[in-house]
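Protein chains in written order, with the numbering used here: chain A, 5 to 314; chain B, 3 to 251. C-beta: ideal position from N, C-alpha, C; glycine also.
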Ligand SMILES: Cc1cc2nc3c(=O)[nH]c(=O)nc-3n(C[C@H](O)[C@H](O)[C@H](O)COP(=O)(O)OP(=O)(O)OC[C@H]3O[C@@H](n4cnc5c(N)ncnc54)[C@H](O)[C@@H]3O)c2cc1C
Ligand SMILES: Nc1ncnc2c1ncn2[C@@H]1O[C@H](COP(=O)(O)O)[C@@H](O)[C@H]1O
């Protein structure tokens, strides 16, 4: 029995996180089939076919899959999953919406945000905002798993391209039709989980930046992007830049926490970074307990200096 | 329009949890408990819809031990109309929670269900999606804005890389994100009033759901600790260490 890995993509490009989840899929000790589901997503299938260690690529290409909405995707995956021992996806906002739906249709539990595959039925995952790590064994006939991509290295390219096979895309019977799905991308600092260095800015950075023009604002080349919750609706940075228990999990080589107190919910999203630098005016801020290098002081003085010397 | 809100009793988010010495779970004795923060947001949103005249009744559902009664009372004190307590001391996994909630949604003929996007104890983020699948309803996960229309609900979702707005045909399941609203505090008179609001206590058996767990917890351990770092005196020292000691610049 093989493992089915759901590709993360935007109908044009295969997301690099798929290669990380592939590393996890290969640890399931069975051949890996990749599913590219979307609309006009042939280019993605071709990119996916180049990944190393996959047996074949299934393509489900249909207009109603364009947004990879959970309702049709869940139904499609549940149907395909009958032939597999495991279904894996990246714990992205798509994976998190789609996979539990497929799991319920298959009458199995999902194993969420897995950080290590011990064996094909035993998995490690963080609970309580990463304050505890649990190892669980699943008795379900089909394992449905979302992967915390920051915990796995990306798999490389293969020597030859895997075959691409089209699969039928039945319209879902499980939900009522949706309409008017529209999509708005935020402007502002962009980063992705691959970035090797990552500056995080907390409430304080945002407050000062947005309330007073006489205060020096953070230099542009150091985007204060990883703001913690709970922000106001006025929001300085978008939710997609929030790092933490309920936001993104990042593990770059260097994470710079600027004016971040170090709440457990925030630490959950960045404490696996290779090096952590904390800049905070409060010498007792808990962030200093996890930082490799701490600098006590006002970030509005330190950041401009840091930038000028980089 | 009848709205059901699922509320879970969890460890208070401000508590620093500790792994039990026997490695079988985390320490829960004498630990402060609270309503899951996302579920407070869910209750708040349902109450706002009722206050706007768009819903008639807000019913809370909690699955858990006797003390889940307190969680329900908290939600009733916020303003919900009544509670349903599926009382059990067993460990109930998200799939089983979804099945129990489905049974109640059908009994109650609910039009809309609110859940938190994630319980801050198991961090599973799956119950709402499972419930929607089991009911065959549309889902709007990670909601930061909800607008109820005629027969439809528009949900703005917090997704990787931006916001997405979906229009769902009712009935539907919505899971709440942090930015949806700021939950209210219960006033003293409302806390008093809540004591008289009805809570229907149910058994798992009466709902005909098999809740046997699918996962066996083999061990629970502390996360690897980061070694204590050093304080540097200046930006120059910081850059020097990042370049020459850490080698990350
Ligand atoms: C259910 C739930 C989920 C949550 N999920 C997340 C999550 O995913 N991610 C997340 O980050 N948070 C999350 N939170 C919020 C979290 O608990 C904290 O409230 C938040 O992380 C605090 O942000 P902060 O450190 O920016 O702000 P504060 O706690 O207000 O700290 C500001 C810090 O900046 C320092 N400071 C202020 N001004 C300056 C200056 N000029 N120079 C230098 N230092 C300065 C202060 O000394 C202080 O340490 C969640 C909360 C809940 C309840
Ligand atoms: N025992 C429970 N009782 C009531 N609601 C629950 C329970 N467990 C989970 N939920 C709901 O499901 C949401 C997501 O939980 P989870 O999938 O465990 O992260 C929570 O925010 C609650 O709204």
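Nearest neighbour of residue 111 (chain B), chosen from B:88, B:69, B:61, B:43 [CA to CA]: Measuring from the Cα of residue 111 (chain B), the nearest candidate turns out to be B:61.
Residues in the segment 244-274 of chain A having any Cβ partner in chain B nearer than 8 Å: Identification of residues in the segment 244-274 of chain A having a C-beta nearer than 8 Å to some C-beta of chain B yields 244, 249, 250, 252, 257, 258, 268, 269, given in sequence order.
Boundaries (first-last residue) of the beta strand (DSSP E) holding residue 144 (chain B): Taken as a continuous stretch (DSSP letters only), the beta strand (DSSP E) holding residue 144 (chain B) covers 140-150.
Cβ of residue 76 (chain B) within 8 Å of any chain A Cβ: No, its Cβ sits nowhere closer than 8 Å to a Cβ of chain A.
Cβ neighbours of residue 154 (chain B) in the same chain (closer than 7 Å, five flanking residues each side left out): Result list for residue 154 (chain B): 169, 170, 171, 172, in chain order.
Close beta carbons around residue 104 (chain B), own chain, < 7 Å, minus the five adjacent residues each side: For residue 104 (chain B), same chain residues with a beta-carbon under 7 Å away, outside a window of 5 residues either side, are 133, 136, 137 in chain order.
C-alpha distance - residue 261 (chain B) paired with residue 165 (chain A), whole-angstrom precision: One cannot answer for residue 261 (chain B) here, as it falls past the ends of chain B, which runs 3 to 251.
Boundaries (first-last residue) of the beta strand (DSSP E) holding residue 117 (chain A): It spans 114-118 - the beta strand (DSSP E) in which residue 117 (chain A) sits, taken as one unbroken run.
Short Cβ contact (8 Å threshold) for residue 123 (chain B) with residue 12 (chain B): Yes, these two residues count as a Cβ contact at 8 Å.
Any non-hydrogen atom of ligand 1 closer than 7 Å to residue 280 (chain A) Cβ: Not so, every heavy atom of ligand 1 lies at least 7 Å from the Cβ.
Inter-stretch contact at 8 Å, needing at least 3 Cβ pairs: the segment 49-61 of chain A / the segment 106-119 of chain A: No: fewer than three Cβ pairs fall under 8 Å.
Cross-chain neighbours of residue 125 (chain B) in chain A, by beta carbon under 9 Å: Within chain A, the residues near residue 125 (chain B) are 116, 117, 129, 130, 131, 132, 133, 134, 249, 250, 272.
Residue 141 (chain B) to residue 108 (chain A) span [Cα, whole Å]: A straight-line Cα-Cα distance of about 13 Å links residue 141 (chain B) and residue 108 (chain A).
Short Cβ contact (8 Å threshold) for residue 82 (chain A) with residue 110 (chain A): Yes, Cβ-Cβ distance for residue 82 (chain A) and residue 110 (chain A) is below 8 Å.
Sequence-distant residues of the same chain with beta carbon closer than 6 Å to residue 251 (chain A), five excluded per side: Only 273 meet the Cβ criterion.
For residue 51 (chain A), the three-state DSSP class (helix, strand or coil): Residue 51 (chain A) carries a helical assignment under DSSP once its states are collapsed to helix, strand and coil.
Short CB-CB distance (under 8 Å) between residue 126 (chain A) and chain B: It does; some Cβ of chain B falls within 8 Å.
With 16 other Cβ atoms within 10 Å as the buried cut-off, status of residue 236 (chain A): Residue placement at residue 236 (chain A) is flagged as unreliable, the pLDDT there being 33, under the threshold of 50; the coordinate-derived value follows with that caveat. With fewer than 16 other Cβ atoms within 10 Å, it is exposed.
Sequence-distant residues of its chain with Cβ nearer than 7 Å to residue 100 (chain A) (five each side left out): Cβ neighbours of residue 100 (chain A) beyond the five flanking positions: 150.
Pairwise C-alpha distance: residue 17 (chain B) and residue 34 (chain B): Going by the C-alpha atoms only, they are around 7 Å apart.
C-alpha distance - residue 137 (chain A) paired with residue 20 (chain B), whole-angstrom precision: In this model, residue 137 (chain A) and residue 20 (chain B) are separated by some 11 Å (Cα to Cα).
Coarse secondary structure for residue 218 (chain A), derived from DSSP in three states: Caution is warranted here: a pLDDT of 29 is assigned to residue 218 (chain A), below 50, making its placement in the model unreliable, and no coordinate value can be reported.
Residue interval of the alpha helix (DSSP H) (run including residue 41 (chain B)): Where residue 41 (chain B) is concerned, the enclosing alpha helix (DSSP H) stretches over 39-53.
Min CB distance residue 11 (chain B) to chain A below 8 Å: Not flagged as an interface residue toward chain A: residue 11 (chain B), since no C-beta distance is shorter than 8 Å.
Three-pair Cβ contact test at 8 Å for the segment 156-170 of chain B versus the segment 124-131 of chain A: Between the segment 156-170 of chain B and the segment 124-131 of chain A, the count of C-beta pairs closer than 8 Å stays below three; the two stretches do not touch.
Between the CA atoms of residue 146 (chain B) and residue 181 (chain B) - distance to the nearest angstrom: Between residue 181 (chain B) and residue 146 (chain B), the C-alpha separation is close to 5 Å.
Three-way DSSP call (helix, strand, coil) for residue 147 (chain A) in this model: Looking at residue 147 (chain A) - three-state DSSP - the assignment turns out to be strand.
Proximity below 8 Å, CB of residue 65 (chain B) to CB of residue 183 (chain B): The criterion of a C-beta distance shorter than 8 Å is not satisfied by residue 65 (chain B) and residue 183 (chain B).
Contact test: residue 180 (chain B) Cβ vs ligand 1 heavy atom, cutoff 7 Å: Proximity of the beta carbon of residue 180 (chain B) to ligand 1 is indicated: a heavy atom of the ligand is located closer than 7 Å.
For residue 89 (chain A), three-class secondary structure by DSSP: Residue 89 (chain A) falls in the strand class under three-state DSSP.
Three-state class that DSSP yields for residue 307 (chain A) in the structure shown: Residue 307 (chain A): helix per DSSP, three-state reduction.
Cβ pair count under 8 Å reaching 3, the segment 253-269 of chain A against the segment 288-300 of chain A: Three or more Cβ pairs closer than 8 Å define a contact, and the segment 253-269 of chain A meets that threshold against the segment 288-300 of chain A.
Residue 300 (chain A) versus residue 84 (chain A): straight-line alpha-carbon distance, rounded: Just so you know, the alpha carbons of residue 300 (chain A) and residue 84 (chain A) end up roughly 55 Å apart.
Sufficient close CB pairs (3 or more, under 8 Å) joining the segment 188-200 of chain B to the segment 71-81 of chain B: By the C-beta criterion, the segment 188-200 of chain B is judged to be in contact with the segment 71-81 of chain B, since at least 3 inter-stretch pairs fall below 8 Å.
Contacts around residue 243 (chain B), its chain only, beta-carbon distance under 7 Å, and the 5 residues preceding and following it disregarded: 234.
Opposing strand residues paired with residue 252 (chain A) [DSSP bridges]: Residue 252 (chain A) pairs with A:247.
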